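Right, one structure below, let's go through it.
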DNA sequence: CTGAAAGCGCTTACAG
DNA sequence: CTGAAAGCGCTTACAG
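Residue numbers (the UniProt record's numbering), protein chains in the order written: chain R, 1 to 337; chain H, 1 to 337.
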């Protein structure tokens with residue numbers, strides 16, 4: 001790797017002038033050409049690490065996620081990467097691995113690498129570290145759920161509404177015995193569950209505890225939960241799943257059981273994008289516009305890194321969409337809403 | 001952020017001693033305790049950037065992928081992240097975005113950030129940059145396909161065999177008119193296609209060009225390709241898809257057509273993991289052990305970063321597995337192999 | 001516009 | 001074991 005010193009040797013210019021050139025400040029045209037020539041000869045590229053150390057900015061944003069095991073997180077990563085790269089900002093990825101425990105403090109790891117900001121789907125575990133970062137003036141953007149009391153921007157889904165929307169649809173189609181596979185692992189899932197329960201109550205449907213499952217957020221967890229529903233004396237006529245992995249697991253159990261969707265069981269999934277069309281009939285799903293969430297989060301961060309960041313934290317709330325498929329059967333006559 | 005100087009103020013020790021402590025070299029027990037106390041008070045954490053600059057090692061590995069739009073890449077990321085984090089190595093992610101063009105040279109970006117090594121699913125576009133890195137002595141590990149002439153470790157699939165295996169299965173089950181949705185975008189796909197053609201030829205089955213499609217590597221590309229197959233005068237009795245996205249797209253088109261799998265069309269997909277069980281019947285697939293590929297790649301990299309790297313490049317070739325489902329119909333009597 | 005000098009926060013020989 | 005000094009490759013005021 002060649003350095004400014006090598007350019008200095010070839011051009012006779014000072015380090016300060018070379019630095020100015022590489023920072024886009026004005027330099028005599030002749031000098032600029034000389035630097036470009038020398039750089040081409042040497043195959044020179046400025047050392048980002050040194051730049052960062054001296055300037056105190058790394059043009060790198062940390063992306064901290066609970067794990068990397070769902071397509072939800074992948075889509076988020078892809079969306080953020082695209083937006084940040086357009087603006088010359090790099091991305092350092094950390095998975096929190098809360099489950100494993102003791103993998104070290106991901107947030108402090110990011111801090112030690114001088115990231116200019118952190119975009120995160122936060123976990124309980126990460127919260128204290130995020131507070132420290134905010135105290136130090138590092139901008140944070142939260143996605144998916146909000147750490148209470150953290151002064152930071154956020155992009156979240158109206159999760160209560162997302163949950164309620166699924167139940168409303170099922171009730172409108174005549175369902176009464178509705179099962180729900182959700183979870184208590186995060187405020188996001190709790191809110192979706194609240195939406196479910198509230199809507200059931202509102203429409204006078206029984207909230208039967210044996211129809212509510214909160215398994216591990218995994219394909220196998222949901223598969224087992226669905227299997228339990230299917231063994232009930234009076235099994236539900238419809239099931240709603242609160243995440244993509246849970247949807248996949250529940251559907252696998254349904255397929256294994258030999259029951260048909262929607263004749264024997266109606267189904268509403270969550271966030272399955274193109275997978276919803278993988279089955280016959282296609283699935284009804286509740287879904288978020290993940291690309292929009294990611295790009296909004298990236299934009300909020302870029303604004304914070306820019307010259308005139310706004311003072312107050314901004315929370316963007318997005319609403320989920322209902323994608324109709326053919327996986328919900330209409331029982332009896334359709335109720336009026 | 002506090003620094004060594006602050007620790008020096010609180011402990012009276014020299015910077016050299018503090019540095020020794022943080023690099024795990026021996027320090028008097030009393031001094032170690034003093035440093036720990038001061039660090040706790042100050043909430044100190046060594047600045048990784050400064051460390052990197054001075055030591056010339058960043059304990060960061062660049063991960064360079066063509067894009068971030070497939071679950072194949074996500075699984076690879078997840079596997080690598082897990083292994084690297086266990087060893088205290090961070091991961092800087094770049095998507096090459098070859099398609100968009102002009103997004104800047106991802107490889108040089110990584111070089112400027114002083115990554116200790118690069119793990120990559122290479123693209124044509126990245127090849128020259130990777131050569132430069134090798135010339136500079138930066139270790140590279142390639143996954144999925146090999147850039148010819150690059151002195152670097154690699155973990156690849158026996159793609160010819162993967163392609164041949166699918167065709168063999170279909171022929172064994174009595175199929176003759178076999179369609180293939182693949183692509184020419186990468187040596188990986190070309191090799192899978194060669195395996196397909198070779199096996200068809202070997203078993204005396206016609207290689208009909210109208211049964212071969214090489215669409216964009218996208219869900220929509222495969223959907224369109226499948227739709228064209230279905231409009232053929234004598235449509236094929238079976239289709240094999242060479243990637244996960246292509247499989248999803250083809251299956252969507254099949255569902256939309258109203259044809260049943262496997263009665264009207266047999267289907268073999270690629271790399272669908274749990275998605276293969278999403279449908280009734282479950283899908284037959286060819287799949288790679290992605291976790292193993294990722295962890296092998298990470299281990300090869302960690303070995304290169306360790307104290308005694310081997311001299312010669314290592315190529316690990318893995319073989320694909322056949323996962324039986326119920327998406328292949330048996331026509332006529334089963335042939336002997 | 002340009003250059004000389006100091007310094008970002010560490011690590012690294014080198015003495016002691 | 002410890003400490004004083006130089007330096008990693010840049011950027012940043014400050015003069016000129």
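Don't be surprised by glycine CBs; every beta carbon is placed ideally from N, CA and C. All values derive from a computational prediction rather than experimental measurement.
(1) So, using beta-carbon positions, are residue 85(R) and residue 295(R) closer together than 7 Å?
(2) Beta carbon of residue 181(H), beta carbon of residue 241(H): below 7 Å?
(3) Where does residue 301(R) sit, in a helix, a strand or coil, going by DSSP?
(4) Could you name the residues of the UniProt domain "HTH lacI-type" (2–55) of chain R whose beta carbon sits closer than 8 Å to any beta carbon of chain H, in the order they occur along the chain?
(5) For residue 175(H), count neighbouring C-beta atoms within 10 Å of its own C-beta (all shown protein chains included) and say buried if the count is 16 or more, exposed if not.
(6) So, using beta-carbon positions, are residue 245(R) and residue 75(R) closer together than 7 Å?
(7) Give me the chain H residues within the contact set of residue 219(R), using Cβ-Cβ distance strictly less than 8 Å, ordered along the chain.
(8) Taking 7 Å as the limit between beta carbons, can you name the residues of its chain near residue 266(H), skipping five residues before and five after?
(9) Is there a C-beta anywhere in chain H that falls below 7 Å from the one on residue 141(R)?
(10) For residue 265(R), does the three-state DSSP call read helix, strand or coil?
(11) Compute the Euclidean distance between the alpha carbons of residue 216(R) and residue 6(R), then round it to the nearest angstrom.
(12) Which chain R residues sit within Cβ distance under 7 Å of residue 126(H)?
(13) By how many angstroms is the C-alpha of residue 214(R) removed from the C-alpha of residue 103(H)?
(14) Counting Cβ pairs, one atom from each stretch, are 3 or more of them under 8 Å apart for the segment 133–141 of chain H and the segment 285–302 of chain H?
(15) I'd like the list of long-range same chain contacts for residue 252(R), defined as Cβ closer than 6 Å, with 5 residues on each side in sequence excluded.
(16) Quick check: the Cα distance between residue 320(R) and residue 271(R), rounded to an integer number of angstroms?
(17) What does the alpha-carbon distance come out to for the pair residue 65(R) and residue 94(R)?
(18) Taking 6 Å as the cut-off, does the CB of residue 62(R) come closer than this to any heavy atom belonging to the ligand GDP?
(19) Can you find at least 3 beta carbon pairs, one from the segment 189–200 of chain R and one from the segment 160–170 of chain R, that sit closer than 8 Å?
(20) What are the boundary residues of the beta strand (DSSP E) that includes residue 317(H)?
(21) Using CA atoms only, rank isn't needed, just tell me which of 279(R), 260(R) and 269(R) is closest to residue 256(H).
(22) Anything in chain H within Cβ reach of residue 91(R), meaning under 9 Å, just list it in chain order.
(23) Could you check if residue 312(R) is buried or exposed, using at least 16 other CB atoms within 10 Å of its CB as the buried criterion?
(24) To which residues does DSSP link residue 157(R) through a beta bridge?
(25) Does the segment 51–67 of chain R come close enough to the segment 279–291 of chain R that 3 or more CB-CB pairs lie under 8 Å?
(26) Can you grab the Cα-Cα spacing for the pair residue 293(H) / residue 38(H), in whole Å?
(27) Could you tell me which uninterrupted beta strand (DSSP E) segments, each at least 3 residues in length, are contained entirely in the segment 170–201 of chain R, listed from first to last along the chain?
(28) List, in chain order, every chain H residue whose beta-carbon is nearer than 9 Å to that of residue 292(R).
(29) Quick one: grab the DSSP three-state call for residue 62(R).
(30) Does DSSP put residue 90(R) in a helix, a strand or coil?
(31) If I measure Cβ to Cβ from residue 10(H) and keep anything under 6 Å in the same chain, skipping five residues before and after, which residues do I get?
(32) Are the C-beta atoms of residue 248(H) and some chain R residue less than 7 Å apart?
(33) Our contact map puts residue 324(R) next to residue 284(R) with C-beta atoms below 8 Å; I'd like the distance itself, whole angstroms only.
(34) Inspect the beta-carbon positions of residue 106(H) and residue 96(H) and report whether they are closer than 7 Å.
(35) Does residue 118(H) come out as helix, strand or coil in the three-state DSSP assignment?
(36) Just by C-beta distance, which residues in the segment 310–330 of chain R are closer than 8 Å to chain H?
To lay it out plainly:
(1) Here residue 85(R) refers to the residue found at position 85 when the first chain is read from its first residue. Here residue 295(R) refers to the residue found at position 295 when the first chain is read from its first residue. Against a cut-off of 7 Å, the Cβ pair of residue 295(R) and residue 85(R) comes out as no contact.
(2) Taking the second chain and counting its residues from 1, one reaches residue 181(H) at position 181. Taking the second chain and counting its residues from 1, one reaches residue 241(H) at position 241. It is a contact, given that the beta carbons lie within the stated cut-off.
(3) In the first chain, residue 301(R) corresponds to position 301, counting from 1. In the structure shown, residue 301(R) sits in a helix (DSSP, three-state: H, G or I).
(4) Listed in sequence order: 43, 45, 46, 47, 48, 49, 50, 52 and 53.
(5) The residue labelled residue 175(H) in the question sits at position 175 within the second chain. Under this definition residue 175(H) is a buried residue.
(6) One-based indexing of the first chain puts residue 245(R) at position 245. One-based indexing of the first chain puts residue 75(R) at position 75. No, Cβ-Cβ distance for residue 245(R) and residue 75(R) is not below 7 Å.
(7) Against the first chain, residue 219(R) aligns to sequence position 219. Those are 274, listed as they occur along chain H.
(8) Numbered from its first residue, the second chain carries residue 266(H) at position 266. Closer than 7 Å at Cβ, skipping near neighbours: 170, 175, 237, 238, 327, 328 and 329.
(9) In the first chain, counting from the first residue as 1, residue 141(R) sits at position 141. Closer than 7 Å: no.
(10) The residue labelled residue 265(R) in the question sits at position 265 within the first chain. Residue 265(R): coil per DSSP, three-state reduction.
(11) In the first chain, residue 216(R) corresponds to position 216, counting from 1. In the first chain, residue 6(R) corresponds to position 6, counting from 1. Rounded to whole angstroms, residue 216(R) to residue 6(R) spans 57 Å at the Cα level.
(12) Indexing the second chain from 1 puts residue 126(H) at position 126. Within 7 Å Cβ-Cβ: nothing; residue 126(H) doesn't reach chain R, min ~15 Å.
(13) Mapped onto the second chain, residue 103(H) falls at position 103. Mapped onto the first chain, residue 214(R) falls at position 214. The pLDDT assigned to residue 103(H) is 40, lower than 50, so where the model puts this residue is not dependable; a value taken from the coordinates is nonetheless given after this. Each residue's alpha carbon lies about 44 Å from the other.
(14) The segment 133–141 of chain H is in contact with the segment 285–302 of chain H.
(15) For the purposes of this step, residue 252(R) is taken as the residue at position 252 of the first chain. Taken in chain order, the residues that qualify are 223.
(16) Numbered from 1 along the first chain, position 320 holds the residue referred to as residue 320(R). Numbered from 1 along the first chain, position 271 holds the residue referred to as residue 271(R). Each residue's alpha carbon lies about 9 Å from the other.
(17) Counted from its first residue, the first chain places residue 65(R) at position 65. Counted from its first residue, the first chain places residue 94(R) at position 94. About 6 Å.
(18) Because no ligand of any kind appears in the structure shown, any question about the ligand GDP cannot be addressed here.
(19) yes
(20) Taking the first residue of the second chain as 1, we reach residue 317(H) at position 317. Counting along the chain, the beta strand (DSSP E) containing residue 317(H) begins and ends at 315–318.
(21) Counted from its first residue, the second chain places residue 256(H) at position 256. Of the candidates 279(R), 260(R) and 269(R), the one whose C-alpha sits nearest the C-alpha of residue 256(H) is 279(R).
(22) Position 91 of the first chain, counted from the start, is the residue given in the question as residue 91(R). Ordered by position in chain H, the residues that pass the 9 Å Cβ test against residue 91(R) are 92, 93 and 94.
(23) Here residue 312(R) is taken as the residue at index 312 of the first chain, counted from 1. Here residue 312(R) is exposed, its C-beta having fewer than 16 other C-beta atoms within 10 Å.
(24) The residue you call residue 157(R) lines up with position 157 of the first chain. In DSSP, residue 157(R) forms a bridge with 318(R).
(25) no
(26) For the purposes of this step, residue 293(H) is identified with residue 293 of the second chain, where counting begins at 1. For the purposes of this step, residue 38(H) is identified with residue 38 of the second chain, where counting begins at 1. Whole-angstrom Cα-Cα distance: 44 Å.
(27) 178–181
(28) Reading the first chain from its first residue, position 292 is the one you call residue 292(R). Going along chain H, no residue has its Cβ under 9 Å from residue 292(R), so there is no contact; the nearest lies around 16 Å.
(29) Taking the first chain and counting its residues from 1, one reaches residue 62(R) at position 62. Three-state DSSP puts residue 62(R) in a strand.
(30) Here residue 90(R) refers to the residue found at position 90 when the first chain is read from its first residue. Correct three-state label for residue 90(R): strand.
(31) Within the second chain, residue 10(H) is the residue found at index 10, counting from 1. Answer for residue 10(H): 38, listed in chain order.
(32) Here residue 248(H) corresponds to residue number 248 of the second chain, with the count starting at 1. By this cut-off, residue 248(H) is an interface position.
(33) Your numbering for residue 324(R) matches position 324 in the first chain. Your numbering for residue 284(R) matches position 284 in the first chain. About 6 Å separates the two Cβ atoms, so the contact holds.
(34) By one-based count along the second chain, residue 106(H) stands at place 106. By one-based count along the second chain, residue 96(H) stands at place 96. Yes, they are a contact pair.
(35) In the second chain, the residue the question calls residue 118(H) occupies position 118. Here residue 118(H) sits in strand by DSSP.
(36) none
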